[in-house]
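J.:
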Amino acid sequence: MSQSLIIFKPSGNVAYQYNNKINPFNEFISSLVNETITTISLNFTTKTINNRRFYCYHKDDVYVSLYFDSITTIDNDQIRQTLSGIHKTYVKLEENEEEKTGKLKKMVDLQFNNLMKLKQQPTEEVTRESTPVSNANGGTATPKKSKQTQQQASGKKMRKWDNGEMVEGNDGGALDYSSAQDGDRIAGGSMPEMKIDNSAFIKDHDLVLVNELNDILNESDEDEDEDDRSESKPSGFFSKISSYLGGSINVDEVSKQFNDQLMSKNIAPGTSKQIIDKIKNKLSSNKKVTMSMYKQALTDELTKILTPNVSTDLLHDIKRNAETNTRPYVISVVGVNGVGKSTNLAKLAYWFLQNNFNVLICACDTFRSGAVEQLKVHVNNLNRLNENSQNSKIDLFEKGYGSGDHVVQTAKQAIQHAADNKFDIVLIDTAGRTHSNAKLMAPLKKFGDAANPNKIIMVGEALVGTDSVEQAINFNNAFGNKRSLDFFIISKVDTVGDLVGTMINMVMATKVPILFVGTGQTYTDIKRLSVKQVVEMLMK
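Those letters in the sequence shown? Residues 1 to 540, by full-length UniProt numbering.
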């Protein structure tokens, strides 16, 4: 992997360079000028151009920029800290010309070389010694394990509560529910009744489509009293600027208030500033700006951000694939720990079943204890819900728990199994991973290259707030320079009220559209995003 670094000013003067490859920076500088870069945090931006990953830190008309010509596992924070440190070094030494010549090179080279020591080739997943690899020959359903094998796998005794006391037992198979008939029992109890609301879907010719999200977004309006919504009693943000209505406004002052408004809705400070700066630039040529003009410009910008610029019609894509390819349509679901990847994968599976597709779920989360069993419960549930269908089927492919190449081999075998058994779609679940941990993120590229999914969907959480920017960027970059995320599913939207700014954060940081939003725990709690509704919530 090669890399290059320069310090430059808007005048075009290159004050310092590490390595002699300056030409590649020209396109990046063009993207800076045209504002097509991705803002990670204040003064720190990034962009991928011609298979190179560029980063830039700028302040006070001094820009420090570097690029890598291949994927790197160095965290964004480490890159930002290094570039910021180099910036401070340059600014400090620039004031003293006598010290600048030799000292600058020595100090910048030191910081840059220290950063380069952190780079690693993508590593294998972290191995857990306690999780053996299954040697089952079959791929579908959870392979049964003998009690003897289970008892040999661990020397620990099982502890359980009995009449208010903790007792130890030797029944190593007590936690193995793979032999339960038809998934009717799990964890020793009956499965809860599955609530299905088929009004969540609408029929459009031969397709079953997901409805738009309207009811939850409107709940906050329904809770208000009519008196509170009357024009005579303006409240909230707009009460602060009501004096501007009808006349010209102070753009800077209103911009500040709208910036605060957007941040109050969970939009990251850097993202909010970027949006407001665009509005100010658009209106800069107009000598008389009214509140109506400003609000319309902001509404148009927010709508533009959330409106997908690629097709989100998965059903047509899958139908075309089934007609022209023997390989099934492969969708991989990724995300950080605890956002609801498996749950939303199951919702996708239910939707696909309603459209008469044959679905194979592949268990590639081979690290989290119980992950395979969780998917088996979902598949058993979905089979029960789909038992009267003659046009679609669903099954689980799993090869137990393991590390390293086990994930890649499981994915490959699942895709082949799907092709041999006429499954239309393979939904691949993956292990949750911390987005800021480079060692855990690195194997995603190897997995993506091997499985080569048609679509990669990241599940993001509406509750996460401003950290969603870095989550989205890191996952978008994790698959290498030639591949990125295709869609987002934003989970737990039913829990945030009108604080829907996470959607803006993730879309604006990556230019990746939102496919669906999750609104609950049942298989029909999935909606299409109503862009108009979300924009209205951000503006009110």
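Here a beta-carbon is modelled for each residue, glycine too, at the ideal position from N, C-alpha and C.
At which residue ranges does the segment 262-298 contain complete alpha helix (DSSP H) runs of 4 or more residues, listed in the order of the chain?
T.: Those alpha helix (DSSP H) runs which fall completely within the segment 262-298 and span 4+ residues are 269-283.
J.: Please determine, among 409, 35, 470 and 449, the residue with the shortest C-alpha to C-alpha distance to residue 336.
T.: Position 336 of the sequence shown holds residue 336. Among 409, 35, 470 and 449, the Cα nearest to that of residue 336 is on 470.
J.: Taking 8 angstroms as the threshold, find out whether the segment 464-482 comes into contact with the segment 262-272 through three or more Cβ pairs.
T.: Flag = yes, the segment 464-482 and the segment 262-272 touch.
J.: So who's on the other strand from residue 488, going by DSSP bridges?
T.: Position 488 of the sequence shown, counting from 1, holds the residue named residue 488. DSSP, once it has assigned bridges, lists 458 and 514 as partnering residue 488.
J.: With DSSP collapsed to three states, give me the class of residue 17.
T.: In the sequence shown, residue 17 corresponds to position 17, counting from 1. Three-state result, residue 17: strand.
J.: For residue 396, does the three-state DSSP call read helix, strand or coil?
T.: For this step, residue 396 is matched to residue 396 along the sequence shown. Residue 396: strand per DSSP, three-state reduction.
J.: Return the chain-ordered list of same chain residues with a C-beta closer than 6 angstroms to the C-beta of residue 236, the five sequence neighbours on each side being excluded.
T.: Walking along the sequence shown from the start, residue 236 turns up at place 236. In this prediction, residue 236 scores a pLDDT of 46, lower than 50, which makes its location untrustworthy; the coordinate-derived value is nonetheless stated afterwards. No residues qualify anywhere along the chain.
J.: Going by DSSP, what residue range makes up the beta strand (DSSP E) through residue 200?
T.: Taking the first residue of the sequence shown as 1, we reach residue 200 at position 200. Note, residue 200: premise wrong, no beta strand (DSSP E); not H, not E.
J.: Enumerate in chain order the residues of its own chain whose CB-to-CB distance from residue 500 is below 6 angstroms, with the five nearest sequence positions on each side excluded.
T.: What you label residue 500 is simply residue 500 of the sequence shown in a count that begins at 1. For residue 500, where only same-chain residues beyond five positions count, the Cβ hits under 6 angstroms are 534 and 537.
J.: On the criterion of 16 or more Cβ atoms from any shown chain inside 10 Å, does residue 110 qualify as buried, or is it exposed?
T.: Within the sequence shown, numbered from 1, the residue matching residue 110 stands at position 110. Per the 10 Å Cβ criterion, exposed.
J.: When you compare only the Cα positions, how much space is there between residue 394 and residue 301?
T.: If you number the sequence shown from 1, residue 394 lands on position 394. If you number the sequence shown from 1, residue 301 lands on position 301. Taking the straight line from one Cα to the other gives about 42 angstroms.
J.: Assign residue 370 to one of two classes, buried (16 or more other C-beta atoms within 10 Å of its C-beta) or exposed (fewer than that).
T.: As a first step, residue 370 must be located in the sequence shown, where it is residue number 370. Burial call: exposed.
J.: Please give me, in chain order, every unbroken run of the beta strand (DSSP E) with length at least 3 that falls completely inside the segment 359-403.
T.: Segments of the beta strand (DSSP E) lying fully in the segment 359-403: 359-364 and 394-397.
J.: Where DSSP assigns a beta bridge to residue 258, which residues make up the other side?
T.: Mapped onto the sequence shown, residue 258 falls at position 258. Paired residues: none, contrary to the question.
J.: Is DSSP giving residue 90 helix, strand or coil here?
T.: Residue mapping note: residue 90 aligns to position 90 of the sequence shown, counting from 1. Note: residue 90 maps to helix in three-state DSSP.
J.: Return helix, strand or coil for residue 22, following the three-state DSSP convention.
T.: Stepping through the sequence shown from its first residue, residue 22 is reached at position 22. Three-state result, residue 22: coil.
J.: Would you give the residue range spanned by the beta strand (DSSP E) that residue 59 belongs to?
T.: Mapped onto the sequence shown, residue 59 falls at position 59. Start and end: 52-59.
J.: Within the 9 angstroms Cβ cut-off, does residue 48 reach chain B?
T.: The structure shown contains no chain B, having only a single protein chain.
J.: In angstroms, rounded to a whole number, what distance separates the CA positions of residue 429 and residue 345?
T.: In the sequence shown, the residue the question calls residue 429 occupies position 429. In the sequence shown, the residue the question calls residue 345 occupies position 345. Taking the straight line joining both Cα atoms gives about 7 angstroms.
J.: Give me the Cβ distance between residue 502 and residue 464, rounded to the nearest whole Å; I'm assuming they're in contact under 8 angstroms.
T.: What you label residue 502 is simply residue 502 of the sequence shown in a count that begins at 1. What you label residue 464 is simply residue 464 of the sequence shown in a count that begins at 1. The Cβ separation is near 6 angstroms, so the contact holds.
J.: Leaving out five residues on either side along the sequence, give the residues of the same chain with a beta carbon under 8 angstroms from the beta carbon of residue 495.
T.: What you label residue 495 is simply residue 495 of the sequence shown in a count that begins at 1. So the qualifying residues of the chain are 462 and 463.
J.: Would you say residue 408 and residue 361 are within 9 angstroms of each other, going by their C-beta atoms?
T.: Counting from 1 along the sequence shown, the entry for residue 408 is found at position 408. Counting from 1 along the sequence shown, the entry for residue 361 is found at position 361. In this structure, residue 361 does not lie closer than 9 angstroms to residue 408 by Cβ.
J.: At the level of alpha carbons, what is the spacing between residue 529 and residue 341?
T.: Along the sequence shown, read from residue 1 onward, the residue named residue 529 stands at position 529. Along the sequence shown, read from residue 1 onward, the residue named residue 341 stands at position 341. Cα to Cα, the separation comes out at about 18 angstroms.
J.: Evaluate residue 46 with the Cβ neighbour count: other Cβ atoms within 10 Å of its Cβ, from every protein chain shown; 16 or more gives buried, anything less gives exposed.
T.: Counting from 1 along the sequence shown, the entry for residue 46 is found at position 46. Residue 46 comes out buried.
J.: On the three-state DSSP scale, how would you describe residue 63?
T.: In the sequence shown, the residue the question calls residue 63 occupies position 63. Residue state, collapsed to three classes: strand.
J.: Would you give the residue range spanned by the alpha helix (DSSP H) that residue 467 belongs to?
T.: Taking the sequence shown and counting its residues from 1, one reaches residue 467 at position 467. Run containing residue 467: none; DSSP gives neither H nor E here.
J.: What is the rounded straight-line gap between the Cα of residue 524 and the Cα of residue 376?
T.: What you label residue 524 is simply residue 524 of the sequence shown in a count that begins at 1. What you label residue 376 is simply residue 376 of the sequence shown in a count that begins at 1. Cα-Cα distance, rounded: 19 angstroms.
J.: Would you kindly report the start and end of the unbroken beta strand (DSSP E) that includes residue 44?
T.: Against the sequence shown, residue 44 aligns to sequence position 44. It spans 44-49 - the beta strand (DSSP E) in which residue 44 sits, taken as one unbroken run.
J.: Can you give me the start and stop residues for the alpha helix (DSSP H) that residue 318 sits inside?
T.: For this step, residue 318 is matched to residue 318 along the sequence shown. Residues 314-324.
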